[in-house]
Amino acid sequence: FGTMHVTDPRVTTLPPAAQKAFDAAGTVVIETTEVLDKQKMMAALLKEPDLMMFTDETTLSSLLSPENAAVVNKALDARGIPPATVAKMKPWL
61 FGTMHVTDPR
71 VTTLPPAAQK
81 AFDAAGTVVI
91 ETTEVLDKQK
101 MMAALLKEPD
111 LMMFTDETTL
121 SSLLSPENAA
131 VVNKALDARG
141 IPPATVAKMK
151 PWL
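Count along the sequence shown starting at 1, add 60, and that's the number in the numbering used here.
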């Protein structure tokens with residue numbers, strides 16, 4: 061539901077609804093400064109390709125409604141990117 065980059069309790073003390081969602085989360089993703097080092101970042105991604113690509117039958121369009129897939133494909137086409145080249149990429153790439 062967002063990120064926090066400071067230790068000020070006015071920022072780090074979550075509202076009750078957010079704390080409840082956090083507590084119920086099955087996964088928590090934490091940013092690190094390693095993403096600032098391109099070599100480290102690429103090494104991590106190459107070591108675990110499933111971080112950036114679907115390694116099963118999943119495709120990006122299979123996660124979207126037909127309407128949203130059309131919007132994505134139109135945006136890709138406008139940028140000269142064939143939709144097939146990103147079909148196996150995970151949404152955050």
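The beta-carbon is built from N, C-alpha and C at its ideal position, and this holds for glycine as well. Remember, predicted model here, so these are calculated numbers, not experimental data.
Item	Value
Where residue 113 falls: helix, strand or coil (DSSP)	strand
Supposed close pair residue 113, residue 149 - CB separation, criterion 8 Å	6 Å
Boundaries (first-last residue) of the alpha helix (DSSP H) holding residue 102	98 to 107
N- and C-terminal bounds of the alpha helix (DSSP H) containing residue 68	Taken as a continuous stretch (DSSP letters only), residue 68 belongs to no alpha helix (DSSP H), as it is neither H nor E.
Whole-Å CB distance - residue 146 paired with residue 124, under 8 Å assumed	At roughly 12 Å, the Cβ-Cβ gap does not stay under 8 Å, so residue 146 and residue 124 are not in contact.
Cβ-Cβ distance between residue 109 and residue 118 below 8 Å	no
Run of the alpha helix (DSSP H) containing residue 132, from where it starts to where it stops	126 to 138
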